Amino acid sequence: MQVLFGVAIESLGAMRYDLVIFDLDGTLIAHHEPIWKTLHRHFGSDPEARLSLVRRGLAGDISYAEWFDGDLALLRAAGATRAAMVELVRGMKPTVGASALVAALRRGGARVAVVSGGLRLVLDELLSDCTFDAVFINQVWFGPAGTIERGLATAYDLGAKAAALDVLAERFDVPVGRVAFVGDGDNDHAIMARAGFGIAWGEHAPDTLVALADHHASGDMMDLMALLAPAP
Ligand SMILES: [Mg+2]
């Protein structure tokens, strides 16, 4: 009998939650700021231009996709290449226990998804051992010389993360009450409020997010199986 995080895997019957959605930055990976902020600081993009984009995006003067394209243009102008971005990302670490948790949830029969305002490259580089049933995230494609060629913005960041939960619940035919969400950031409020069971992850989670969550978990290891699987 295999025991993982104190739960006997063979004893698992139907999962308490049939769909578990994870945020990426600060949740599945132990990097406690949005990857975009890290990339712009690392490559030294124009801070005034970026601030202007953020302000216009948050004010609704430009769409999220326009904001994303503008952000990528600033990174391209600052010399960000695939190789340099990969090198930066490889200096980051997955959260301890995260990939084992994803595997255990799927082995128990739950669907597992990522809904993130981050970057697909981070998932591919740091969690390549994980299989997900769905991933909603921003993507970037690079040209032959490794420069940023184009991007595709996620339709599901910020408040729209909650809409992603509804899309996935319908896709996998799971009632919203049996959807769990694990997240840590300012962009997770709407989806946390929508989930049947919400876990605010980590000591960096803002108080306003913790207030919306059913449970606040922190520590060095993401050992959430006892919360997400039935009691043995
Ligand atoms: Mg996050």
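Here the working numbering is used: the first residue of the sequence shown is 349, the next is one more, and so on. We put the beta carbon where it would ideally sit given N, CA and C, even for glycine. Computed from a prediction, not measured in an experiment: that's the story for all the values here.
Are residue i and residue j closer than 8 Å when you measure CB to CB?
| i | j | result |
| --- | --- | --- |
| Val444 | Asp568 | yes |
| Leu367 | Ala428 | no |
| Phe391 | Ala446 | no |
| Val483 | Thr375 | no |
| Met540 | Leu560 | yes |
| Asn535 | Asp555 | no |
| Asp371 | Gly499 | no |
Apart from the five residues just before and just after residue i, which ones in its own chain have a Cβ nearer than 6 Å to its Cβ?
| i | result |
| --- | --- |
| Val470 | Ile383, Val437 |
| Arg468 | Ile485, Gln487 |
| Arg542 | Ala510, Leu513 |
| Lys441 | Ala378 |
| His380 | Gly374, His552 |
| Arg526 | Tyr365, Asp366, Gly544 |
Straight-line CA distance for residue i to residue j?
| i | j | result |
| --- | --- | --- |
| Ala508 | Ala538 | 8 Å |
| Phe490 | Ala413 | 18 Å |
| Val522 | Phe545 | 13 Å |
| Thr495 | Glu435 | 14 Å |
| Thr479 | Asp417 | 28 Å |
| Lys385 | Gly466 | 10 Å |
| Ala493 | Arg424 | 12 Å |
| Asp571 | Asp514 | 26 Å |
| Glu473 | Met433 | 10 Å |
| Leu475 | Gly457 | 20 Å |
| Leu557 | Ala407 | 22 Å |
| His388 | Ala431 | 15 Å |
| Ala564 | Glu497 | In the sequence on display, residue 564 carries His and not Ala. For His564 and Glu497, the distance between alpha carbons rounds to 40 Å. |
| Arg455 | Asp477 | 14 Å |
By Cβ distance, which residues of its chain are closer than 7 Å to residue i, with the 5 residues on each side in sequence left out?
| i | result |
| --- | --- |
| Ala397 | Leu422 |
Could you pull out every residue in the same chain whose Cβ sits closer than 8 Å to the Cβ of residue i, ignoring the five residues on either side in sequence?
| i | result |
| --- | --- |
| Asp562 | Phe545, Gly546, Ile547 |
| Ser566 | Trp549, Gly550, Glu551, Ala553 |
| Arg459 | Asp366, Leu367, Val368, Asp481, Ala482, Leu516, Phe520, Val522 |
| Arg404 | Ile410, Trp415 |
| Val524 | Leu513, Asp514, Ala517, Arg542, Ala543, Gly544 |
| Asp394 | Leu422, Ala425, Ala426 |
Contact defined as beta carbons within less than 8 Å: I believe residue i pairs with residue j. What is the distance between those atoms, to the nearest angstrom?
| i | j | result |
| --- | --- | --- |
| Asp419 | Leu401 | 6 Å |
| Leu449 | Ala528 | 12 Å between Cβ atoms; not a contact. |
| Asn486 | Ala501 | 6 Å |
| Met573 | Ala452 | 6 Å |
Any residue with its C-beta under 5 Å from a non-hydrogen atom of ligand 1 counts. Can you list them all in chain order? Every residue with a CB closer than 5 Å to a heavy atom of ligand 1 is listed here in chain order: Asp371, Asp373, Gly374, Asp532, Gly533.
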